[in-house]
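Residue numbers (my numbering), protein chains in the order written: chain C, 454 to 1125; chain Z, 1145 to 1506; chain U, 15 to 180; chain E, 694 to 793. Here a beta-carbon is modelled for each residue, glycine too, at the ideal position from N, C-alpha and C. Note that the structure is predicted; figures quoted are calculated from it, not measured. Before any comments, here is the structure.
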Amino acid sequence: MTTHFQPWLIPILPLVGGLINGLFGKRFSKAAVATVALFFTAASFVVACGHACILLNSGADALETSYGTWIRAGSFSVDFGIYLDHLSMIMMLVVTGVGFLIHVYSVAYMEHEGGYYRFFAYLNFFMFFMLTLVLANNYLLMFVGWEGVGLASYLLIGFFFLKDSAANAGKKAFITNRVGDFGFLIALFLLIQHFGSLRYATLIDITSHFPVETAAGFLTAIGLLMLVGACGKSAQIPLYVWLPDAMEGPTPVSALIHAATMVTAGVYMVCRSNFIFSRAPIALLAVAIIGTLTSFFAATIGITQTDIKRVLAYSTVSQLGYMFMAAGVAAYSAAVFHLMTHAFFKALLFLGAGSVIHGVGGEQDMRKMGGLRKYMPWTFATMTIATLAISGIPPFAGFFSKDEILWQAFSSPHGSKAFWFLGLVTAFMTSFYMFRLLFMTFFGEYRGAQPEAHSAHGSHDDHGHDSHQGSPHESPWLMLGPLVLLGVLSIVGGWVGIGHRFEHFLDPVILNVSADQNALPSAEAAATPAGGEQEAAGGYTDTEHLLMYLSVVVALAGLGLAYLLYIKSPELPAKIAAGIGGLYKLVLNKYWIDELYGAVIIGPLLAISRVVLWQSVDQKAIDGTVNESAVAARDVSQVVRMQQSGLIRSYAGWIAVFAAVVVAYMVWMGTR
Amino acid sequence: MSALTFLIVAVIKIVVTLGVLLTVVAYTVWLERKVVGRMQNRWGPSRVGPFGLLQPLADGIKFLLKEDLTPPYVEKHIYLLAPGLALIMALTSIALVPIGPVIHLFGISTPVQITGVVDSAGHASDINIGILVILGLTSLGVYGIALAGWSSNSKYSLLGSLRASAQMISYEVSLGLSLVGVLIMSGTMSLNGIVHAQLGTFFQGTGFGFIPRWNIFQGQFVAFFLYMIAAFAETNRIPFDMPEAETELVAGYHTEYSAMKFAMFFMAEYANMVTVACIASVMFLGGWSGPPLPFLPAAVQAFLPLVWFSSKIFFFLFLYIWIRGTLPRFRYDQLMSFGWKFLFPLALANVIVTAFIVAIRA
Amino acid sequence: MAQYLFLFFAAICAGGAVNLLIQRKTINSALSLIVVMGSLALIYLLLGAEFVAVIQVIIYAGAIMVLFVFVIMLLNAGEEEQAKGSRVAKIVGIPGLFIGGIIGIWVLLQHAPLQKTMIPIGALYGPADQVGMMLFTKYLLAFEVTSVLVLIAIMGAVVLARRSHS
Amino acid sequence: MIPISWYLLLSAFLFACGVTGFLTKRNLITLFMSIELMLNGVNLSFITFATRLGTLDGHIFVFFVMVVAAAEAAVGLAIIISVYRTRETLNVDRVNLLKL
């Protein structure tokens, strides 16, 4: 390791920024706060790039460094260690890069908010924890980051804590995540129990001696529990419910945490644990199923939502589902690839949405928008790019990653046609609701509230734009800059994946398991020879081409349908909704999942806590004991206190008398 | 020597020493009046005898003959006890002071020191915690003043004695600490031993061979000044004479006293001065030792120690008077804060530094 | 010779102690206590503990009792008003005291070894340097702790005695 | 030569006097002095035994007792002074608010 290799700087820098802002920010000017936050984030990004180069030049599979022991208990010990391989490298670059852009964006976006310094402190803390999560060299440290980002997201969702909905959303997110974390923790305990270590490297070589579990064994158990954790963090069925509500937070937060980075932690974790999953096919299958279902399910909900941010939220859930599907078919690099591109265009979409909300003065209901094309051309342009990207239309980023996933789902030894088909349908729906969003927002004519009637103002995303009421307006360049950059990224971001180049990029991470025979071959490893013989044809087999065209067609179909429904004849949707009333209601109300949970889990829980824990145990048993003992003490003292006359000399007298007794006794003992 | 001769010798020594001491006390008063007079461009006593040399005698007679009145409402016994206590404590201390080396008279050899004896080897030895004993006696000396003030049942006296006792308690600490340095250096608490530790000279053989190895020259000068200041306070002399600040409290603790009782306080004060002078010279200026003067005849040599000692005493007494003629009186709070916030820390520092030096030397 | 010295001082000591009890004026009690301490110092000398003897004079008689006298003067605590003693004290205390005293004397006098072991006069058991040596080696910790205690006591005294300026 | 028991008797006597004083006197200061008397009695027996056993530990103990007594006197007298300020009396029987 050269002296240039100081990876610890990457997480620490944002922490420093966060601390400075958090401790002293109150006294700083907004400019100062912003400067601090931006500086440290940028610094962290630069350092990250530097280390990426170091890693690539070193040609090593992974660079690991330890900064001393954190916990030692018997043979078990955990280090403060950093593990830098291609996987964590990508994650780190995405986090710092996108994070930095979003910081820049927030400077303008949050300008009119209270608690400016608080916001940036939280953001920086988030960066710190996220980077810890990504760069950790063992599961426990990862777990620290895991909880940390949870905390950060809780704080940021509840940033407008004066608003009940925001506060509740924060709690909801936190508690839901607890469920997942619980699973994750148990997985960690199992790891400790069976392998006595949590260090990736150690685990990798221990597990390399394990055969693949055909039946359910403890690897499967671990895998499933990890999946539970991942579901919590990455908003998969059944724990996805918190993500849509999380949109209560400021839009940049939604962009950074609930689209680009934190929610992908689950995917990262699954990919990181590939050495376990590739030996637990059942767990792997579970991952795939959950992912597919989630993506399909969320997409259907996305179709009916009218709140711009909620649509995006559901599409996020759905895209995450995609990634899980990919991971589930052992196409880890496809998953990571999609993770990356998704980070770009989804962040872009959220920022765009933010810009829109900003422009129309806090309105989030798409039905009150429309025709914004003329008012905010830049936002429109970038949003369009993002939409094309997410809908998987070439040559935009989303196409490559999504197509990759579909192909893997189709061809991988773990994949199946069912996954592929559902994925395809999802892709169709995705492009449909995304274009629906685009059309409803930017086309047609402005349906927003007029200057005098600014009722919805500030109701959703507390936005004080008292400076400019009335007609929508383009956002400042400080906000557009990041949009444009991300736009560029969401165009070119996908090209790295042309001809399976990206798959092999992660080989060092993945192959180190599939290298040994007794592990399942990962999708790429299987696919490589397939692509290998066809290198002439741009690295694609015919089936692959076929599927590729198919997905493009599907995407275009979605576009067309959206165009038909929302540009051509805007009255149709209402008709259709009326036509299939029941189903529409069901979907519109998100299948009443929240209500279901409320009835099945939360209600009983509250009831039990109130009746049993509070009223009987706490009030009767515990308080009762305390009070009774107090009463007893009082009664006793009622008698005893008669002795306390307040006369020193009487006390002294008693002392003297008993001292005399003792002495007399001793004398007596002594003389016989 | 037999017990009888021992007794006789002791008695003789006591009588002589006390006689000398009282004379010195008397003439210190005269000296003070004379010197202060000169300092204030007056003649001072000059009527009674040549240069008013008989003045002390006259004063003594006057004190004896004056009416000795006891005010009503005083605590009789304590009122009577107090002056005696003060005087006794003042006079007793002198018993421990080594005034000179062993002398040989009529075949009996004994050191010029009441508590001193000659051991089998013919060397002088005395109480080996002499300095502590002296400190104890001085600390008891407080009672005289305190009780006097309280018993005479007058606000001036009470204030005076309150001040006196507070002041003496406070400065006793610095006093004791300032001596610790010397004790560390000479490694004994017997005054005799301390004097012997200071015999001889520095720079043997060089031109400076005459500089004696007195503690003051061995880095104890800080302690010396500390001691002098604290001692001034102990003896309630200007600038520390709060207890009898005539401008504030008529005459302080002895306001209600008259005639011989007052004289006793008076004598006690001057006796204390002498004691302080003795201790100062013993602890810091080598007691009866001094620079060797080989050119003198043997007969004179024999008397040198006494000469040295008395000249040192004289120096200190003159210093007392001089300062009285020079300095104004402290304010009470100044006095206290000076004692506690300046003297005390300085004394501590001196102790620590000395201890370090000695430890390093060893 | 030594016996007579001892008896003499012991008599003074006991007398002072008794006087402390019977005196009504606080100042007299204080003075008699001083007498007790002084004579105790001399008894210590008889026991050969010269250092302790002097310390006794300096600390007890010279410092603590001065403090007492000082406070007595300050508060001008004159007569102690005579209240009728509690009956319990009269009934239990006085006989108890007698019995205890008798038992004590009896034990001490009957205890042969105590009678036999004689303490010679003049031998010095407690030279200052040895005491100091022990103080700074064997009992160093206790010594330090005590110094801390004294410091705390000083601060406490200052805080307590200061007039509370609100 | 003095039998050790004499010393012990004296010390016992002093201690007893202290106790009696503490039990019978009413003046706070006198009580305090009685305590000092007890301490002195104890000291005497310490010294006696030290001399008898030919060790110095007894002396050390006495030393500590004295130091503690000094500290105690300082604090105690300060307390007495503040008590006198608030209650205008030194009679312990009057200073009896701390009860029931």
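Spell out whether any CB of chain C is found under 8 Å from the CB atom of residue i.
i, result
"Ile-119(U)", "no"
"Asn-720(E)", "no"
"Gly-110(U)", "yes"
"Val-735(E)", "no"
Return the chain-ordered list of same chain residues with a C-beta closer than 8 Å to the C-beta of residue i, the five sequence neighbours on each side being excluded.
i, result
"Ala-619(C)", "Ile-610, Gly-611, Phe-612, Phe-613, Glu-701 and Gly-702"
"Pro-1489(Z)", "none"
"Gly-932(C)", "Note that residue 932(C) is Met in the sequence shown, not Gly. So the qualifying residues of the chain are Tyr-558, Ala-561, Tyr-562, Leu-804, Gly-807, Ser-808 and His-811."
Is there at least one Cβ from chain E nearer than 8 Å to residue i's Cβ?
i, result
"Gly-1106(C)", "yes"
"Ile-26(U)", "no"
"Ala-16(U)", "yes"
"Arg-1158(C)", "Residue coverage of chain C in this structure runs from 454 to 1125, which leaves residue 1158(C) outside it and unanswerable."
"Val-50(U)", "yes"
Just to make sure I have the definition right: I need the residues of chain C whose C-beta is within less than 8 Å of the C-beta of residue i. Which are they?
i, result
"Gly-114(U)", "Ala-1113, Val-1116 and Ala-1117"
Kindly say whether residue i, judged by its beta-carbon, lies nearer than 8 Å to any beta-carbon of chain Z.
i, result
"Gly-62(U)", "no"
"Ala-31(U)", "no"
"Val-68(U)", "yes"
"Val-162(U)", "no"
CA-CA distance, residue i and residue j?
i, j, result
"Phe-885(C)", "Gly-823(C)", "17 Å"
"Tyr-1464(Z)", "Thr-1399(Z)", "23 Å"
"Ile-1075(C)", "Leu-1066(C)", "10 Å"
"Val-1070(C)", "Arg-763(C)", "42 Å"
"Leu-1479(Z)", "Thr-1419(Z)", "23 Å"
"Ile-108(U)", "Ser-46(U)", "22 Å"
"Asp-760(C)", "Lys-821(C)", "10 Å"
"Gly-568(C)", "Asp-698(C)", "21 Å"
"Ser-1455(Z)", "Ile-1467(Z)", "18 Å"
"Ile-41(U)", "Ala-1292(Z)", "12 Å"
Along chain E, in chain order, which residues have C-beta atoms closer than 9 Å to that of residue i?
i, result
"Phe-82(U)", "Ile-722, Phe-725, Met-726, Glu-729, Ala-766 and Leu-770"
By Cβ distance, which residues of its chain are closer than 7 Å to residue i, with the 5 residues on each side in sequence left out?
i, result
"Leu-396(C)", "Because chain C in this structure spans residues 454 to 1125, residue 396(C) falls outside the shown range and cannot be described."
"Gly-550(C)", "Phe-498"
"Gln-1362(Z)", "Met-1329"
"Leu-1014(C)", "Phe-885"
"Leu-1471(Z)", "Ile-1382 and Pro-1383"
"Leu-732(E)", "Val-758 and Ala-762"
Output, in chain order, the set of chain U residues within a Cβ distance shorter than 8 Å of residue i.
i, result
"Gly-775(E)", "The question names Gly, but residue 775(E) is Ser in the sequence shown. Leu-174 and Ala-175, listed in chain order."
Quick check: is the beta carbon of residue i nearer than 8 Å to any beta carbon in chain U?
i, result
"Ser-1322(Z)", "no"
"His-918(C)", "Note that His-918(C) scores a pLDDT of 45, beneath 50, so its modelled location is shaky and nothing firm can be said."
"Val-1192(Z)", "no"
"Val-1120(C)", "yes"
"Val-1110(C)", "yes"
For residue i, go through chain U and note every residue whose CB falls closer than 7 Å to its CB, in chain order.
i, result
"Thr-741(E)", "Leu-61"
At a CB-CB cut-off below 9 Å, which residues of chain U make contact with residue i?
i, result
"Ala-1290(Z)", "Val-80, Val-83, Phe-84 and Met-87"
"Ala-1310(Z)", "Phe-84"
For residue i, which residues in chain Z fall below 7 Å Cβ to Cβ?
i, result
"Ile-166(U)", "Those do not exist, as Ile-166(U) stays about 17 Å from chain Z at its closest Cβ, beyond 7 Å."
"Gly-76(U)", "Gly-1280, Ser-1283 and Leu-1284"
Excluding the 5 residues preceding and the 5 following residue i in the sequence, name in chain order all residues of the same chain whose CB lies nearer than 6 Å to its CB.
i, result
"Leu-1393(Z)", "Tyr-1300, Leu-1303 and Gly-1304"
"Phe-754(E)", "Phe-739"
So residue i contacts chain C; which residues on that side make the cut at Cβ distance below 9 Å?
i, result
"Leu-707(E)", "Ordered by position in chain C, no residue passes the 9 Å Cβ test against Leu-707(E), which lies about 15 Å from the chain."
Problem set entry | Residues, ordered as in the chain, of the stretch 1081-1100 of chain C that lie near chain E by beta-carbon distance below 9 Å | Arg-1094, Met-1095, Gln-1097, Ser-1098, Gly-1099 and Leu-1100
For this session: Check distances from the C-beta atoms of the stretch 494-512 of chain C to those of chain U and list, in chain order, the residues that come in under 8 Å.
Result: none
Problem set entry | Under 8 Å (Cβ pairs) to chain U, residues found in the stretch 1380-1404 of chain Z | none
Problem set entry | Interfacial residues, the stretch 141-156 of chain U to chain E, with Cβ spacing under 7 Å | Gln-144, Val-145, Met-148, Leu-149, Tyr-153 and Ala-156
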